[in-house]
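Student: This is the structure, below, for whatever I ask next.
2 protein chains.
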Amino acid sequence: MSTLKQVAAEAEVSVSTASAALRGMDIVRPDTIRKVEAAARRVGYRVNLSARALRNGRTGIFTAIVPDLGTAFYARFANSLSNALLAHGHRLVIQTSQYDAELELDLIRRANASVCDGLFVCPTASNGDAVRQAAGDQPVILFDGEDSGDTASLDRIETPNQSGMDAVIRHLAEDCGRTRIGIVGASDRSTPAAKGTRLRLSRCDYALRTMRSLGLNVEHAPVVSDWGVEAGIATARRLVADELAYDALCCMNDELAFGVLRGLAECGIRVPEDVAVTGFDGIPGCTYVTPTLTTVAVDADGMAQAAVSMMERRVGIGGAGLTGDGTVAADAASGNGTASRGNSSRRSRAGSRTEADPRNTIASQRLIAGFRLIVRESTAGRA
Amino acid sequence: MSTLKQVAAEAEVSVSTASAALRGMDIVRPDTIRKVEAAARRVGYRVNLSARALRNGRTGIFTAIVPDLGTAFYARFANSLSNALLAHGHRLVIQTSQYDAELELDLIRRANASVCDGLFVCPTASNGDAVRQAAGDQPVILFDGEDSGDTASLDRIETPNQSGMDAVIRHLAEDCGRTRIGIVGASDRSTPAAKGTRLRLSRCDYALRTMRSLGLNVEHAPVVSDWGVEAGIATARRLVADELAYDALCCMNDELAFGVLRGLAECGIRVPEDVAVTGFDGIPGCTYVTPTLTTVAVDADGMAQAAVSMMERRVGIGGAGLTGDGTVAADAASGNGTASRGNSSRRSRAGSRTEADPRNTIASQRLIAGFRLIVRESTAGRA
DNA sequence: CTGAAAGCGCTTACAG
DNA sequence: CTGAAAGCGCTTACAG
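Sequences listed follow chains A and B, in order.
All residue numbers for the first sequence refer to the working numbering, where the first residue is 1 and numbers rise by one.
All residue numbers for the second sequence refer to the working numbering, where the first residue is 1001 and numbers rise by one.
Encoded structure:
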């Protein structure tokens, strides 16, 4: 790899000029910029990000921590986030916590010490405070994080649990005329660290709330061990053995619903004739299970883009310092001017975090993602 | 974040000693090590990887380029790779090429200039040469890459296409007594850059080879547009419209098979009574589609672990230089001693890649992953 | 066994 | 508008 020094020599300018020119700073004369760019191309120059990071305190690399990539929702979300960041000239390191709260906090702590400008965290069992503390001075965007006291400087994005559940329940009650709706996804408190515990409670609560507001009978929701396919299968079998007191089963996520569909099919129960089934998330499988699954399709791309905006606001980048590696980076440079100015004035030197850091003084934002209720065979029957 | 200098001051030793102590080098007296470690803990020290990378030329960060994380096989593989690297004290940046050959090469080139010690690439349409060239001096492990001329210093890992297809075809023919087997997954050459083109050709060829060896009639395989669910649905409909000349449909991957199952169900064709269906990969959906899918379950974890071994061999790390950030790193230190020695002697200074770099002189390796044929309802019927 | 010094490649005040 | 110099935090010969 060639260095900036070589580019400068090739272009017959100083290293400082070469540096400024490649980053397109407007104090450099246009023809000097062209000269330097040509030289960079000739010697095949690529900026060394380690050096830049050491100087800058910035790397353009962010870290996402998701419980698992084997779960379709998280895989798709990580995909969206990765692409959204890439479009802004940044990169994403994806790591998995395997639903282990300790591992999760450890990953966050390590990211903090590592080459990373900020964190995107889908917490499994840790609350906002614990995440905030582990993250140290790194900005964090939290997804579906449990609410807690001191959350200044913790931005949040949530899946539309309340409005989504409301839409599904209304669909089952009003469009499909179901009256005995079972909520599949509750868990007793004895398995607090199991997959999806947090979400589980929240989504179930919202579903029950809408049912009550519609005057529906709220029976005990079937308890499940986790939100996976196996748990869904087991639940369906158990319900059938109990003479299936429901005419609709509203599942807290798609995988659980897949399992329920499987389990019901094995018992010879017809969907949706005997019982309607719904999911939540909108993962690809919904279109090819039999019957196809009515679900709340969460706008993962929108979530990802919002997350990137929040992060850029907090990191305070217009992109200027992070691009300029010879390739065009129009996108990244189009950030807001204020943030960009704030950037350079904020700290004169890497590591000097003595002055108040706006990362922690900006008010925190909160956003709820959009969704679409997609009606398919599992509630509407075959076309 | 505190620096090594502060640790040294706290421990009342020099910076060099602190550095050596934290990496557990055996030239440091044991009690000095303890003293430094205690100091590091007190000031909450974490090594700055940018600085280390600048000095070392190593970051402990690797990059994986997969076509897509929305595809279950790649998501699972990325997951496995990420975990396998983590267990060795490294980290993985996952990026997606979206089946775009240009983007793919661009990502590889960028990774080369960035904070990255090596690349894991699942190529979409680029051949080994193009990947090798884009990667520059970075080590690359290629997955299911097309064979090409100059592949020195390109290690490869392949899914067990030949033995896997052989096992499926034999299962259909010998265990299930099927004689009219259709291979779903061929494509005409007119869509060369479409999803999975490369694999498609190879797997189909192997399937047909086994069929011929068994004396089966090899008819024209149904051409599909890609390897997705939609293509599978369309194929099934087309075949049924053509009076379904097959008693088995051997699909080149699971998603295609899911689509075929869907399409057949919509047409009222029974699986496996009228026609047996098989997939390839072993993604989670196989267990919950109806009927459950017989498939070749590729050992993704094994692939990932082998990939990490190959990479470590090529990068020449025993882990010593990359760990020692205060946390215990037993795993990482247990690499092979030879590589570890080669490491320090290889280059005295970062960036001085003048001497012959073993990265490019080590003979390339090739490995074929393991698999298990898992028989389910789609060929065996319900239990 | 320990310490002082050089230098990885870059960016940014600071002088011209 | 351009250049010389300092320094980000670390590791590694090299002297003691």
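Backbone N, C-alpha and C define an ideal beta-carbon position, used for all residues, glycine too.
Everything numeric in this text was worked out from a predicted model, so none of it was measured.
Return the first residue and the last residue of the alpha helix (DSSP H) that THR292(A) is part of.
Tutor: Run containing THR292(A): none; DSSP gives neither H nor E here.
Student: Would you give the residue range spanned by the beta strand (DSSP E) that ASP155(A) belongs to?
Tutor: Unbroken beta strand (DSSP E) run through ASP155(A): 154-158.
Student: Within 10 angstroms of its Cβ, does ALA300(A) collect 16 or more other Cβ (buried), or is it exposed?
Tutor: Result: buried.
Student: Any C-beta of chain A within less than 9 Å: which residues of the region 1250-1272 of chain B qualify?
Tutor: Those would be GLU1255, PHE1258, GLY1259, LEU1261, ARG1262, ALA1265 and GLU1266, in chain order.
Student: Since ALA1307(B) is in the alpha helix (DSSP H), which residue starts that stretch and which ends it?
Tutor: Element bounds for ALA1307(B): 1300-1315.
Student: Answer with buried or exposed for PRO30(A), where buried requires no fewer than 16 other C-beta atoms within 10 angstroms of its C-beta.
Tutor: Looking at its Cβ environment, which holds fewer than 16 other Cβ atoms inside 10 Å, PRO30(A) is exposed.
Student: Do three or more CB pairs link the region 116-128 of chain A to the region 1101-1116 of chain B at distances below 8 Å?
Tutor: Contact between the region 116-128 of chain A and the region 1101-1116 of chain B is absent, because fewer than three Cβ pairs lie under 8 Å.
Student: Per DSSP, what kind of secondary structure is ASP281(A) in: helix, strand or coil?
Tutor: Of the three classes helix, strand and coil, the one that applies to ASP281(A) here is strand, per DSSP.
Student: Determine, for TYR288(A), whether the minimum Cβ-Cβ distance to residues of chain B falls below 8 Å.
Tutor: True, the Cβ-Cβ gap to chain B drops below 8 Å.
Student: Identify each residue in the region 73-85 of chain A for which the Cβ-Cβ distance to at least one residue of chain B is less than 8 Å, and report them in chain order.
Tutor: If the cut-off is 8 Å between Cβ atoms, the region 73-85 of chain A has ALA75, ARG76, ALA78, ASN79, SER82 and ASN83 near chain B.
Student: For ASN161(A), collect the residues of the same chain with a Cβ closer than 6 Å to its Cβ; drop the 5 residues on either side in sequence, then sort them by chain order.
Tutor: For ASN161(A), where only same-chain residues beyond five positions count, the Cβ hits under 6 Å are SER202, ARG203 and TYR206.
Student: Bridge partners of THR1096(B), per DSSP?
Tutor: BP columns for THR1096(B) point to VAL1066(B).
Student: Answer yes if the region 67-82 of chain A comes into contact with the region 1067-1077 of chain B, meaning at least three C-beta pairs across the two stretches below 8 Å, and no otherwise.
Tutor: Verdict: yes, contact present.
Student: I want to verify the contact list: residues of chain A whose CB lies under 8 Å from the CB of THR1059(B), in sequence order.
Tutor: Chain A residues near THR1059(B): SER50 and VAL115.
Student: Compare the C-beta of LEU1119(B) with all C-beta atoms of chain A and state if any pair is closer than 8 Å.
Tutor: Chain A contact via Cβ: absent.
Student: Give a yes or no on whether 8 Å exceeds the smallest Cβ distance from VAL1229(B) to chain A.
Tutor: Yes, VAL1229(B) lies at the interface with chain A (some Cβ there is under 8 Å from its Cβ).
Student: By the 10 Å Cβ neighbour count, where 16 or more other Cβ atoms means buried, how is GLN133(A) classified, buried or exposed?
Tutor: It counts as exposed.
Student: Determine whether the Cβ of ALA1053(B) lies closer than 8 Å to any Cβ atom of chain A.
Tutor: Yes, its Cβ sits closer than 8 Å to a Cβ of chain A.
Student: Out of GLY1024(B), LYS1035(B), ILE1027(B) and MET1025(B), which one is the CA nearest neighbour of ALA1008(B)?
Tutor: Answer by Cα proximity: LYS1035(B).
Student: To the nearest angstrom, report how far apart THR272(A) and ALA380(A) are at their CA atoms.
Tutor: Residue 272(A) is actually Pro in this sequence, not Thr. Each residue's Cα considered, the two are about 7 Å apart.
Student: Using a Cβ cut-off of 9 Å, pull out every chain A residue sitting near LEU1105(B), in sequence order please.
Tutor: Under the 9 Å cutoff, chain A gives no residues; its nearest Cβ is about 13 Å from LEU1105(B).
Student: Counting only C-beta atoms, is LEU1386(B) closer than 8 Å to chain A at any point?
Tutor: In the structure as shown, chain B begins at 1001 and stops at 1383. Residue 1386(B) is therefore absent and cannot be evaluated.
Student: Just the chain B side, please: which residues come within less than 9 Å of GLY381(A) by C-beta, in chain order?
Tutor: Those do not exist, as GLY381(A) stays about 13 Å from chain B at its closest Cβ, beyond 9 Å.
Student: By the 7 Å beta-carbon criterion, what residues does the region 282-309 of chain A contribute toward chain B?
Tutor: Against chain B - using a Cβ distance shorter than 7 Å - the residues of the region 282-309 of chain A are PRO284, GLY285, THR287, TYR288, VAL289 and THR290.
Student: Below 8 Å on the Cβ atoms is my contact criterion, and I expect THR1235(B) with GLY1263(B) to pass it. Report the Cβ-Cβ distance as a whole number of Å.
Tutor: Yes, they are in contact, since the Cβ atoms of THR1235(B) and GLY1263(B) sit about 7 Å apart, within 8 Å.
Student: Going by other Cβ atoms of all chains shown within 10 Å of its Cβ, with 16 needed for buried, is ALA1245(B) buried or exposed?
Tutor: ALA1245(B) should be labelled exposed.
Student: Less than 8 Å between the C-beta atoms of VAL168(A) and THR1059(B), yes or no?
Tutor: Cβ atoms of VAL168(A) and THR1059(B): not closer than 8 Å.
Student: Give me the residue from SER1019(B), GLY1044(B) and VAL1043(B) with the minimum Cα distance to THR1032(B).
Tutor: When each option's Cα is compared against that of THR1032(B), the closest is SER1019(B).
Student: Using 8 Å as the threshold, is the C-beta distance between SER1378(B) and THR1287(B) below it?
Tutor: Going by C-beta atoms, SER1378(B) is not nearer than 8 Å to THR1287(B).
Student: Are there three or more Cβ pairs, one per stretch, closer than 8 Å when the region 1088-1100 of chain B is compared with the region 1049-1065 of chain B?
Tutor: As far as the Cβ criterion goes, the region 1088-1100 of chain B touches the region 1049-1065 of chain B, which means the pair count is three or higher.
Student: The beta strand (DSSP E) spanning ILE1374(B) covers which residue range?
Tutor: Per DSSP, ILE1374(B) belongs to the beta strand (DSSP E) from 1371-1374.
Student: Would you say GLU1010(B) faces chain A, with C-beta separation under 8 Å as the test?
Tutor: Judged by the 8 Å Cβ criterion, GLU1010(B) is not in contact with chain A.
Student: Can you tell me the Cα-Cα spacing of VAL375(A) and ALA84(A), whole angstroms?
Tutor: Distance between the alpha carbons of VAL375(A) and ALA84(A) is about 28 Å.
Student: Within the continuous beta strand (DSSP E) that includes ILE27(A), where are the two ends?
Tutor: Here ILE27(A) belongs to no beta strand (DSSP E), and DSSP marks it neither H nor E.
Student: Between which two residues does the alpha helix (DSSP H) harbouring VAL1240(B) extend?
Tutor: Here the alpha helix (DSSP H) through VAL1240(B) covers 1229-1241.
Student: I need the straight-line Cα distance from PRO1139(B) to LEU1154(B), nearest angstrom please.
Tutor: If I take the Cα positions, the gap works out to 7 Å.
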